[in-house]
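*Asks:*
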Amino acid sequence: MIDTRWKRWLLPLFGRHRAGRRIPESFRPRGTSSRVSRLAARYDAEVDEALQRLWPKARIYHDREFTRDRADFLLVVRGRGVMVETKVKSDPGVFRGSTLPPLLDRLQRDGRRLVVVLNQGDPTPARELIARKLGDKGCVVVWSGPEHDADLRGAVESLLRQMVRHA
Numbered sequence: 027m028i029d030t031r032w033k034r035w036l037l038p039l040f041g042r043h044r045a046g047r048r049i050p051e052s053f054r055p056r057g058t059s060s061r062v063s064r065l066a067a068r069y070d071a072e073v074d075e076a077l078q079r080l081w082p083k084a085r086i087y088h089d090r091e092f093t094r095d096r097a098d099f100l101l102v103v104r105g106r107g108v109m110v111e112t113k114v115k116s117d118p119g120v121f122r123g124s125t126l127p128p129l130l131d132r133l134q135r136d137g138r139r140l141v142v143v144l145n146q147g148d149p150t151p152a153r154e155l156i157a158r159k160l161g162d163k164g165c166v167v168v169w170s171g172p173e174h175d176a177d178l179r180g181a182v183e184s185l186l187r188q189m190v191r192h193a
C-alpha cells in the first residue's frame, strides 16, 4: 500500500527543526507541552500586560523566534530601549541563570540594557552573573503580579536613565 499522505512525505524535506529553536506554545501539538512551558507562556502574557500597564505609550516588540541569545521583549519608552527576558521557576529555590550566558554575551557585544524578570526564587547568583557580564547595564527583578509593579518600574526606569538616545 502506498502512503498518500503528503504531510508525511514533505515534512522531512521542509519541516526540519533547527537546533536551538523552541517551538512557540501555540504551535505545539496538544499534550506535548510541559508544565513549565505552559507557566512560561502564561507568565510572558502577564509580564506583557504589566509592561503595557506601566508604560501605556511605550512600544513593545516581541521576538517571534525563540532562541537563547535573544530576549523575549524589547520595551521602547521615550525613544529608549530595554531588553526584557522572562524566566519561570516552578519551585521557589535559587535562580542561578544557567540559561542566560548566550543572551548576556550577545547583549555585551551590542551594549544593550537587560532586565530579567523572574517569577519566584532567590536571584542572587543570577544577579552576580549579570553584574559580571553586563555591569550596571543589567538587573534581575522578582515579579509575580501587580503588587510588584513598583520594583519592575524602578528597574526599567533606572536602566532608561543610563541610556543615551540614539538618532
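Numbering (our numbering), first residue to last: 27 to 193. Where a beta carbon is used, it is the ideal one built from N, C-alpha and C, also for glycine. Since we're looking at a predicted model, the values are computed, not measured.
Where aspartate 136 and leucine 80 are concerned, what is the direct C-alpha to C-alpha distance, given to the nearest angstrom?
*Replies:* 26 Å
*Asks:* Can you list, in chain order, the residues of its chain with a C-beta nearer than 7 Å to that of lysine 159? Leave out the 5 residues immediately preceding and following it.
*Replies:* Leu130, Gln134
*Asks:* Under 8 Å between C-beta atoms, does arginine 104 make it to chain B?
*Replies:* Included in the structure is just one protein chain, with no chain B present.
*Asks:* Helix, strand or coil: how does DSSP classify aspartate 98 here?
*Replies:* Reduced to three states, the DSSP call for aspartate 98 is coil.
*Asks:* Please name the residue, chosen from Val102, Pro151, Arg104, Gly147, that lies closest to glycine 123 on a Cα-to-Cα basis.
*Replies:* Pro151
*Asks:* I'd like the span of the beta strand (DSSP E) that includes lysine 113, first residue to last.
*Replies:* 106 to 113
*Asks:* Taking the straight line between their C-alpha atoms, what separation do you get for isoleucine 3 and leucine 100?
*Replies:* This structure cannot speak to residue 3, because the chain is shown only from 27 to 193.
*Asks:* Would you mind sorting valine 120 into buried or exposed? The rule is 16 or more other CB atoms within 10 Å of its CB.
*Replies:* Per the 10 Å Cβ criterion, exposed.
*Asks:* Kindly indicate which residue of Gly147, Pro118, Val143, Asp175 has the alpha-carbon position closest to the one of valine 108.
*Replies:* Val143
*Asks:* How far does the beta strand (DSSP E) with glycine 164 in it reach, from first residue to last?
*Replies:* Glycine 164 -> beta strand (DSSP E) spans 164 to 168.
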